[in-house]
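Participant: I have a structure here, written as C-alpha cells, and I will follow up with some questions on it.
Numbering (the working numbering), first residue to last: 41 to 351.
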C-alpha cells in the first residue's frame, strides 16, 4: 500500500513538472503570436507594441532587484553616451543614480546589466548600435566600506574580481533566418521569431566556459575619449577557480532538437547575471569630475559662473 502511494505521489509530482514545462512552451508561442501582430499604417505603434512584449518577457525572467525600462541612454564618466537603448535591465537599488532630462533617462554604465536592441525583419545598423555600448567604460574611482574596512578601487591591486564590466548585449528580432556574421558577433544572445513564427534562441558563444564569460563581462578593456582624465589599464585574465568545463550549453532545456526557449533563456541569462553578480561600486568622484569639467566649459563659453551655488 505504501509503495503504491509513493508511486501515485511521484506520478502527481511529475505531472506538475510536465505542466510547468508546457506552460513555458505555451508562453513562448503566445509571445511569438503577439509579436507577429501588425498595426496597419502605423510602424511606430507596431514597434512600440513589440518592445512592450519583449520587455514583459524579460520582466518575467530576471530577479526583482533589477529594473526593466524602455528607451533610455547609457552614459559613462568619460562623457560618452550610447545610442538609444530599446530595453535596459539595470540595478536601480544598488546604483540609484539616473540622470534625467525631462522624460529622457541617462543611466550610468556601472548600473546596467543588460542592453537590448529590438528590431523587426531588418537588422540594419545593429553592429553600430552594439559598438556604441562597447565604447562605454566603467570607472574604478570608487570608495566603499566593506568587511575589511574602506575599499578604494582606484588603488592598484594584483587581482580584482571586477575591473571593467559591460552589459550583456541581446538582439530581439523577427528575422526569417540568422543574419550575417557581423551582426551575430556583435551580440551575446539573439532572440528571434523565425519565418515559422516560432521563438528561437541563439547564443554565438554557447560552448565557451564560464571563465571566458567572466572575463568578457567583468574585465573588458579599451580606449577612452578626450573627456577622460584617467587611462584604462590592460588587465590580465583572472585565474578563475570555476569549473572550466561548465558552459551555457549545459543549461539548455531541450529534447530531440526541440528547445524550451524561455526556460533555457531563464537559466542562461541569469547565470550570466550571476557571473557579474553586483555592479561595480559607484564612482562618485569620476562622475563629479565629469560634470565639473562640463560646468567649467560652460563657464568659459559665457564668462560667467553658469549659475548654481558658489563654493
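Just so you know, even glycine gets a beta-carbon here, dropped at the ideal spot from N, CA and C.
#1: When you compare the CB positions of residue 72 and residue 223, do they come within less than 8 Å of one another, or not?
#2: For the alpha helix (DSSP H) holding residue 168, just list the boundary residues, first then last.
#3: What residue from 250, 139, 152 has the CA that sits closest to residue 311's CA?
#4: Below 8 Å between beta carbons: does that hold for residue 307 and residue 117?
#5: In the structure shown, what three-state DSSP assignment does residue 146 receive?
#6: How is the beta strand (DSSP E) around residue 322 delimited, first residue to last?
#7: Give a yes or no on contact between the stretch 143-154 and the stretch 126-135, applying the rule of three or more CB pairs nearer than 8 Å.
#8: Check residue 122 in the structure and name its three-state DSSP category.
#9: Please say whether residue 159 and residue 213 have beta carbons closer to each other than 8 Å?
#10: Does the distance from the C-beta atom of residue 175 to that of residue 85 stay below 8 Å?
#11: Does the ligand FMN have even one heavy atom less than 7 Å from the beta-carbon of residue 205?
#12: Does DSSP put residue 286 in a helix, in a strand, or in coil?
#13: Please determine, among 242, 285, 323, 239, the residue with the shortest C-alpha to C-alpha distance to residue 252.
#14: How many angstroms separate the CA atom of residue 54 from the CA atom of residue 60?
#15: Using only alpha-carbon positions, find the residue among 288, 161, 287, 245 that is nearest to residue 237.
#16: So, helix, strand or coil for residue 155, using DSSP?
#17: Do you know offhand how far residue 111's Cα is from residue 146's?
#18: In the DSSP assignment, find the unbroken alpha helix (DSSP H) run with residue 77 in it and report its ends.
#19: So what does DSSP say about residue 224, is it helix, strand or coil?
#20: Kindly indicate which residue of 216, 211, 180, 295 has the alpha-carbon position closest to the one of residue 149.
Facilitator: The short version:
#1: no
#2: 166-174
#3: Closest option to residue 311, Cα to Cα, is 250.
#4: no
#5: strand
#6: Residue 322 -> no beta strand (DSSP E), and no H or E assigned at all.
#7: The count of Cβ pairs closer than 8 Å, one atom from the stretch 143-154 and one from the stretch 126-135, reaches three, so the stretches are in contact.
#8: coil
#9: Yes. Within cutoff.
#10: no
#11: Because no ligand of any kind appears in the structure shown, any question about the ligand FMN cannot be addressed here.
#12: coil
#13: With distances taken between Cα atoms, residue 252 lies closest to 285.
#14: 10 Å
#15: 161
#16: strand
#17: 10 Å
#18: Neither: residue 77 is in no alpha helix (DSSP H) and is coded neither H nor E.
#19: helix
#20: 180
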